[in-house]
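Undergrad:
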Amino acid sequence: MPSLIRALAITLLLILCSPALATDLQSRVEQLSKLDLTYMEQQRQLIQELAGQRLGRYFNGTLDNDLALLQELLDKRVVKGSQTRELQAMGLIMGEHLQRELGLNWVIYVDKVGRTRALRYREGDHYLFPMTMIARRREVGNEEPVIAIYARARDKMLRSIPANPYAPALD
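Sequential numbering from 440 applies to the sequence shown in this note's numbering.
#1: Roughly how many angstroms separate the alpha carbons of asparagine 504 and isoleucine 600, rounded to a whole number?
#2: Does the Cβ of valine 518 have 16 or more other Cβ atoms within 10 Å, making it buried, or fewer, making it exposed?
#3: On a CA-only basis, which of Leu558, Asp564, Val579 is nearest methionine 570? Give me that one, please.
#4: Under the three-state reduction of DSSP, which class applies to threonine 555: helix, strand or coil?
#5: Which of helix, strand or coil does DSSP assign to leucine 543?
#6: DSSP has arginine 467 in a bridge; who is on the other side?
#7: What's the C-alpha gap between leucine 506 and valine 585?
#8: So, are the CB atoms of isoleucine 486 and methionine 533 less than 8 Å apart?
#9: Go through the segment 555–597 residue by residue and report every complete run of the beta strand (DSSP E) that reaches 3 residues or more, in order.
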């Protein structure tokens, strides 16, 4: 009798816990909402205005200029490790270059940790999280150069993108 009760108790626990465990292990991808797009535009404006006011320079969409300007914002301590919002705005600028260069799409990646903007190649399962690439490093005192962060992210994604023999080289 005790083993029957134990078996029933275990079965009941498995039935009750399975949906919760499954939810914890799952992630999902959503399209950007209008609110997400608006927030991203506000981030672009924030970092553009900061660069213009403090350095007299602007982001212009060219990789060399924009990565150098991101680095200058950090080197001159215009943006510090405690300024998460500004650091994430810098990640957006870097992410837009990754998006253009590699043909990625912005999506919302949702998992048990939360909801975050990510870059994804087509409908694949490989993601980059540029919004936090600079922020997470600077918040813990890691001063890795922006160009190195960009290069590592680019190389990581290139390794996961299937080769297309008819496409021009990305180098």
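Positions of the beta carbon are idealized from the N, C-alpha and C atoms, including for glycine. A quick note: this is a predicted structure, and the numbers were derived from the prediction, not measured.
TA: So, from the data block:
#1: Along the sequence shown, one-based indexing puts residue 504 at 65. Along the sequence shown, one-based indexing puts residue 600 at 161. Approximately 26 Å between the Cα atoms of the pair.
#2: Here the question's residue 518 lines up with position 79 in the sequence shown. Valine 518 should be labelled buried.
#3: The sequence position of residue 570 within the sequence shown is 131, counting from 1. Selected option, being the one with the closest Cα: Leu558.
#4: Here the question's residue 555 lines up with position 116 in the sequence shown. Threonine 555 carries a strand assignment under DSSP once its states are collapsed to helix, strand and coil.
#5: To locate residue 543, count along the sequence shown from 1; it is residue 104. Reduced to three states, the DSSP call for leucine 543 is strand.
#6: Start at 1 with the first residue of the sequence shown, and residue 467 comes out as number 28. DSSP output for arginine 467 lists Val549 as bridge partner(s).
#7: Here the question's residue 506 lines up with position 67 in the sequence shown. Here the question's residue 585 lines up with position 146 in the sequence shown. Going by the C-alpha atoms only, they are around 6 Å apart.
#8: On the sequence shown, residue 486 is found 47 positions in, with the first residue counted as 1. On the sequence shown, residue 533 is found 94 positions in, with the first residue counted as 1. Not a contact, by the Cβ cut-off of 8 Å.
#9: none
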